[in-house]
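Heads up: the sequence lines are chains A and B, in that order. In this text, residue positions in the first sequence follow full-length UniProt numbering: the first is 1, and each later residue adds one. In this text, residue positions in the second sequence follow full-length UniProt numbering: the first is 1, and each later residue adds one. Note that CB positions come from ideal geometry on N, CA and C, so glycine has one too. All values reported here derive from a predicted model rather than from experimental measurement. Below: one structure, written as structure tokens.
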Amino acid sequence: MLEISNLSHVYGSGPGAHHAIEGLNLSVAEGELLCIVGPSGAGKSTLLRSIAGLIQPTGGEVRIEGKLVKQTPDNLAVVFQDYSRSLFPWMSVADNVALPLRRKKMDKQQRRAAAQEALESVGLAEAGKKYPFQLSGGMQQRVAIARALAYRPALMLMDEPFGSVDAQTREDLEDLVLQVRGHHKMTIVLITHDIDESVYVGDRVVVLSKAPAHVVGDLKVELASPRDQITTREHSDFVHLRAEVGRLVRGLERTPA
Amino acid sequence: MISARILRGVAGVAGFLIVGELTIRFGLTDDVVFPPPSLVLWEAMGLLADPVFLSGVAITLTNWALGLIASVVIAVPLGVLLGSLASVERATRPLLEFLRPIPSVAIIPLAILLIPVDSMMKVSVIVYASLWPVLINTLYGMHDVDPLAKESLRSFGFGAIDVLRRVSLPSAAPFMLTGVRIAAGIALILAVSAELLAGGTGGIGVFVIQAGSGNRTDLILAATFWAGIIGMVANSLLVLAERRLFHWHQARTGATT
């Protein structure tokens with residue numbers, strides 16, 4: 001459902017130009033949960049912005065459901081790392097979640113109902129009337145996820161979504177993502193620099209090189225579902241996979257299986 | 001808490017008045033004729049029953065309100081426009097930086113010569129002076145809009161107009177209101193100054209001139225007292241409005257007072 005072919009992006013020009021991505025090819029199947037890992041500064045966010053149509057890549061193309069991405073597509077939602085900046089502080093939580101639904105043919109009542117349903121699915125049924133600043137960081141990120149879910153996108157992009165919360169909250173939110181993908185039919189691309197997280201959450205992990213980024217590894221994650229923070233992480237397959245991804249991120253050779 | 005603060009404020013004012021009273025009655029030489037606070041306050045109360053003074057206040061306040069409203073109507077859209085179009089702002093910035101620090105009172109003599117209609121002249125100088133704080137604060141607010149907040153809305157497929165309307169304007173609104181509050185004080189200064197310099201049929205400034213020509217320092221101060229009260233009330237009302245309307249902004253910037 002997502003096809004990225006020969007994607008390149010250069011910031012600036014001349015000798016000071018920064019080649020963030022070069023010749024990146026990737027395809028994601030419908031319903032897949034793909035994690036993209038790579039060292040920091042690897043052009044992961046540039047990749048995400050290109051997929052979302054927030055920037056125009058300097059080379060190559062991105063297609064979602066066969067359609068070439070030129071502007072921000074209609075069937076896509078993004079969850080950013082920095083929830084405190086991505087949520088609108090002047091709106092109540094419910095209004096934040098309902099706002100993107102104005103793009104759809106829904107009246108006020110339908111938008112409100114959809115927002116409430118999305119908030120319930122992230123465990124924030126009671127928070128609708130509050131303002132984002134009245135919630136903890138983890139709860140704010142739940143609101144951002146609810147906002148994306150309510151929109152019912154075909155593709156949900158998550159840019160380091162748990163990078164700004166504490167470890168306990170991080171685990172809860174990872175499980176939340178696994179849980180909501182069971183209820184909603186959608187494709188998820190989650191960008192992270194956390195190797196364990198990529199293996200724990202993903203159906204498939206793609207490893208990017210340092211900038212200029214291209215794909216250096218593509219691994220299928222075949223761990224039993226439902227996953228569990230304790231038992232999944234102690235399973236030998238998980239341990240093996242995370243080691244493999246870790247070596248790729250550090251630019252070492254893959255060990256023979 | 002609040003009552004203790006008010007009590008301290010009242011004590012400060014009362015102390016100041018008593019010290020003033022005693023200094024003027026017993027401390028100064030007989031050569032200096034300065035009305036003691038008790039007399040000024042007495043005259044100020046008397047002015048409340050003086051139809052000439054009251055109609056003057058009405059004239060001054062009308063000019064003040066007209067000027068302030070006109071400046072908001074001009075400066076807010078202008079600020080939004082300049083704030084959205086970086087190239088236009090860069091072109092006009094030097095001109096703004098030159099005009100802004102010119103003391104607005106200095107243009108009153110010019111306005112008297114150029115604008116023959118008295119009330120229009122007065123409103124014009126008020127508009128000119130109030131434009132700057134509203135314009136500069138609107139610009140500042142537009143620059144302060146978080147790029148990630150704009151991207152968040154764009155990522156759902158919203159266009160530039162929607163981003164302006166639903167993100168930039170609400171985000172900049174508290175800055176605009178702060179600009180209006182600063183402008184309200186400046187507008188009152190200009191309203192009275194224009195009357196002092198140009199005279200006219202009535203107004204707080206006109207009343208002061210007439211009191212001066214009769215050597216009534218007590219009446220000058222009594223009228224000035226009411227001008228101060230008006231400025232204080234206007235400021236307090238706008239502070240209250242900022243807190244009511246933009247509590248999210250206070251929470252975000254960590255302002256507590």
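Through-space distance from residue j to residue i, alpha-carbon basis
i: Val163(B); j: Asn96(A); result: 14 angstroms
i: Leu135(A); j: Gly128(A); result: 11 angstroms
i: Met91(A); j: Gly200(B); result: 48 angstroms
i: Val13(B); j: Gln210(B); result: 29 angstroms
i: Trp42(B); j: Ala227(B); result: 16 angstroms
i: Thr23(B); j: Ala234(B); result: 32 angstroms
i: Lys108(A); j: Asn63(B); result: 42 angstroms
i: Arg227(A); j: Tyr200(A); result: 8 angstroms
i: Leu81(B); j: Ala149(B); result: 19 angstroms
i: Gly60(A); j: Leu54(A); result: 15 angstroms
i: Gly214(B); j: Gly46(B); result: 17 angstroms
i: Ala243(A); j: Asp144(B); result: 44 angstroms
i: Gly16(A); j: Asp194(A); result: 30 angstroms
i: Arg11(B); j: Ser3(B); result: Note on residue identity: the sequence assigns Ala, not Arg, to residue 11(B). Near 12 angstroms, if we compare the C-alpha coordinates of Ser3(B) and Ala11(B).
i: His249(B); j: Gly179(B); result: 15 angstroms
i: Val73(B); j: Asp172(A); result: 50 angstroms
i: residue 285(B); j: Glu197(A); result: One cannot answer for residue 285(B) here, as it falls past the ends of chain B, which runs 1 to 257.
i: Ala184(B); j: Leu68(B); result: 7 angstroms
i: Pro51(B); j: Phe207(B); result: 11 angstroms
Exposure of residue i, with buried meaning 16 or more beta-carbon neighbours within 10 Å
i: Ser50(A); result: buried
i: Met121(B); result: buried
i: Val88(B); result: exposed
i: Val123(B); result: buried
i: Glu174(A); result: buried
i: Leu176(A); result: buried
i: Ser236(B); result: exposed
i: Gln140(A); result: buried
i: Gly137(A); result: exposed
i: Arg111(A); result: buried
i: Ala167(A); result: exposed
i: Glu65(A); result: exposed
Proximal residues to residue i (C-beta, below 8 angstroms), its chain only, five neighbours per side dropped
i: Ala211(A); result: His18, His19, Ala20, Ile21, Gly41, Ala42, Gly43
i: Phe20(B); result: Strictly speaking, residue 20(B) in this sequence is Gly, with Phe absent from that position. The residues are Pro36, Pro37.
i: Gly202(A); result: Leu33, Leu34, Cys35, Leu190, Val221
i: Arg100(B); result: Trp132, Ile136
i: Ala118(A); result: Val97, Ala146, Arg147, Leu149, Ala150
Given residue i as reference, the closest of the options once Cα atoms are compared
i: Leu155(A); options: Gly12(A), Glu30(A), Leu26(A); result: Glu30(A)
i: Gly159(B); options: Gln71(A), Leu157(A), Lys67(A), Leu47(A); result: Gln71(A)
i: Leu78(B); options: Ile112(B), Pro35(B), Leu169(B), Ile6(B); result: Leu169(B)
i: Phe133(A); options: Gly157(B), Leu188(B), Ala251(B); result: Ala251(B)
i: Ala49(B); options: Leu238(B), Ala222(B), Phe246(B), Ser193(B); result: Ala222(B)
i: Val206(A); options: Leu248(A), Gln179(A), Ala144(A); result: Leu248(A)
i: Val37(A); options: His184(A), Val216(A), Glu171(A), Val93(A); result: Val216(A)
i: Val105(B); options: Leu237(B), Tyr128(B), Leu39(B); result: Tyr128(B)
i: Arg181(B); options: Asp118(B), Gly27(B), Ala65(B); result: Ala65(B)
i: Thr58(A); options: Tyr11(A), Ala243(A), Leu101(A), Lys67(A); result: Tyr11(A)
i: Phe34(B); options: Ile220(B), Met232(B), Arg244(B); result: Ile220(B)
i: Pro161(A); options: Gln116(A), Gln81(A), His235(A), Val122(A); result: Gln81(A)
i: Leu124(A); options: Lys104(A), Ile145(A), Gln110(A), Arg111(A); result: Ile145(A)
i: Arg181(A); options: Met158(A), Phe238(A), Ser164(A); result: Met158(A)
i: Pro147(B); options: Ile161(B), Gly157(B), Val167(B); result: Val167(B)
Close Cβ partners of residue i (< 6 angstroms) along its chain, the five nearest in sequence each way excluded
i: Tyr140(B); result: Phe175
i: Gly203(B); result: Gly56, Ile59, Thr60, Glu195
i: Ala77(A); result: Ala148, Tyr151, Pro153, Met156
i: Val93(A); result: Ala127, Gly128, Lys130, Val143
i: Met232(B); result: none
i: Glu253(A); result: Confidence at Glu253(A) is low in this model, with a pLDDT of 49, below 50, so the placement of that residue should be treated as unreliable; the coordinate-derived value is given next. Closer than 6 angstroms at the Cβ level, and outside the excluded window around Glu253(A), lies no residue.
i: Val79(A); result: Ala144, Ile145, Ala148, Met158, Pro161
i: Ser171(B); result: Val145
Neighbourhood of residue i by C-beta distance below 7 angstroms, restricted to the same chain and skipping five residues each side
i: Gly23(A); result: Asn6, Ser8, His214
i: Val28(A); result: Met1, Leu2, Leu34, Thr187, Val189
i: Leu85(B); result: none
i: Ala75(B); result: Leu131, Val134, Leu135, Thr138
i: Leu241(A); result: Val199, Leu219, Val221
i: Ile241(B); result: It is Ala, not Ile, that sits at residue 241(B) in the sequence shown. Contacts found: Leu177.
i: Val125(B); result: Ser104, Ile107, Ile108, Ala111, Leu190, Ala194
Test: residue i CB closer than 8 angstroms to a CB of chain E
i: Phe88(A); result: Absent from the structure: chain E. Protein chains present are A and B.
Got a sec: which bits of the stretch 128-154 of chain B sit with their beta carbon under 7 angstroms from any beta carbon on chain A, in order along the chain?
Per Cβ criterion, the list reads Asp146, Leu148, Ala149, Glu151, Ser152, Arg154.
For the stretch 46-79 of chain A, list every residue whose C-beta sits within 9 angstroms of some C-beta in chain B, in sequence order.
From the stretch 46-79 of chain A, only Arg49, Ala52, Gly53, Leu54, Gln71, Thr72, Pro73, Asp74, Asn75, Leu76, Ala77, Val78 have a Cβ closer than 9 angstroms to chain B.
If the cut-off is 7 angstroms on Cβ atoms, which residues from the stretch 124-135 of chain A count as contacting chain B, listed in chain order?
Residues Tyr131, Phe133.
Contact list for the stretch 152-171 of chain B against chain A, Cβ threshold 9 angstroms
Listed by position, the residues of the stretch 152-171 of chain B near chain A (Cβ gap below 9 angstroms) are Ser152, Leu153, Arg154, Ser155, Phe156, Gly157, Phe158, Gly159, Asp162, Arg166, Val167, Pro170, Ser171.
If the cut-off is 9 angstroms on Cβ atoms, which residues from the stretch 227-251 of chain B count as contacting chain A, listed in chain order?
Cβ contacts with chain A: Phe246, His247, Trp248, His249, Ala251.
To be precise: take each residue of the stretch 150-176 of chain A, compare its Cβ to all Cβ atoms of chain B, and keep it if any distance is under 7 angstroms. Which residues remain?
Those would be Tyr151, in chain order.
Taking a cut of 7 angstroms between CB atoms, which residues from the stretch 100-123 of chain A lie near chain B?
Answer in chain order: Pro100, Arg103.
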